[in-house]
Structure formats: structure tokens, C-alpha cells
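Adding 356 to a residue's 1-based position in the sequence shown gives its number in this note's numbering. Please read the structure below before turning to the comments.
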Amino acid sequence: MKCIYCGCEENKVLDSRNSDETNSIRRRRECINCGKRFTTYETIETTPILVVKNDGSRQAFDANKIKKGLIIACEKRPVSAVQIDNMVANIEKNIQNRLLQEVKSSEIGEMVMEQLKKVDDVAYVRFASVYRKFTDLTSFKRLLDEV
């Protein structure tokens, strides 16, 4: 980190604090060369992820869409808001850890189903019935047999 006053690259950190509203770390520094103090903010650089839809179009990844789908699937079920938030966080972490700039919407759907299967069978079947767009009773029965 270069000093904003003299350009020296040697400085020491006097204080570090989390900045809640910006998800960054505020650091108070002192230049070794000139002795002046200055503040820096460090943030995590994330690569924007695009979701490739079934029709080939692309849109920015939005974890809120996953959360909305989970809330609908878990309606009137004994699934807490904390569990839903944890499922969303797990899916988002999985997508971020891939280090890819694009992810297929079908892969996200499978991740959601995997998370739901661990938490609540009924919510899993609800989500799967909408996600997989069953056209006949036999394919739906196959899903039920898996559970």
C-alpha cells in the first residue's frame, strides 16, 4: 500500500475494523517514511457470475431468486428462515467456488433440489414438480420413489 502523501510503500497498520455496511475492512495506517496517517478500505473482489438460461439468454446471478423459490417450496412446512438462508448460502458458495463466470440454470436447479432433499421431503417434491415440469404421472411417481 503506497502512502498517499509521499508514495512510500512501507507502512504499518495501526487499527483494523470491519465496516458493516460495505462488507469491507477499514485499516488505519501510518507511513514509515513520513509518519503521516491515512485510512484504507479493503473489499473482496468478486467475479460477476452469469446464469445461462435454457433459451441461451444470460442474466446476472441473483441469490434472492433462489431464496424466493425456496420460500414457496417450504411454505407451510417446518423449515425455518435460518434453514432457508443456510441453503441459499450453501448454493451461492458452491457457485462461487467453481470460479466460473457462467453457470447453467439447470445446475442451480439441481443444487436447490439437493439442498431441499436434505431438509424436507415435501418441499423437495414441491420444488421438483415445478422445476422438472412433469407431463405425466409415471415420471412424477419415479421422483416419489426416489424419496
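Ideal Cβ placement from N, Cα and C applies to all residues, glycine included.
For Phe-394, the enclosing beta strand (DSSP E) stretches over residues 393-399. When DSSP states are grouped into helix, strand and coil, Ser-462 belongs to the helix group. In the DSSP assignment, Lys-358 falls outside any alpha helix (DSSP H) and carries neither an H nor an E. Apart from the 5 residues on each side of it in sequence, Leu-472 sits with its Cβ closer than 6 Å to the Cβ of Ala-479, Tyr-480 and Phe-483 in its chain, given in chain order. Taking a contact as a CB-CB distance under 8 Å, the pair Cys-364 and Ile-388 counts as one, their CB atoms being some 7 Å apart.
Residue ranges of uninterrupted beta strand (DSSP E) with 3 or more members, entirely inside the stretch 363-391 and ordered along the chain, are 367-375 and 380-387. Taking Ile-422 as reference, the option from Asn-367, Lys-474, Thr-402 and Ile-440 with the minimal CA-CA separation is Ile-440. For Leu-426, the enclosing alpha helix (DSSP H) has its first and last residue at 419-429. Below 8 Å, enough C-beta pairs join the stretch 401-416 and the stretch 458-475 to call them touching: three or more.
Check the Cα spacing between Glu-366 and each of Asn-450, Ser-372, Phe-394 and Asn-379: the tightest is with Phe-394. Residues of the same chain with a CB within less than 8 Å of the CB of Cys-362, apart from the 5 flanking positions on each side, are Cys-387, Asn-389, Cys-390 and Lys-392 in chain order.
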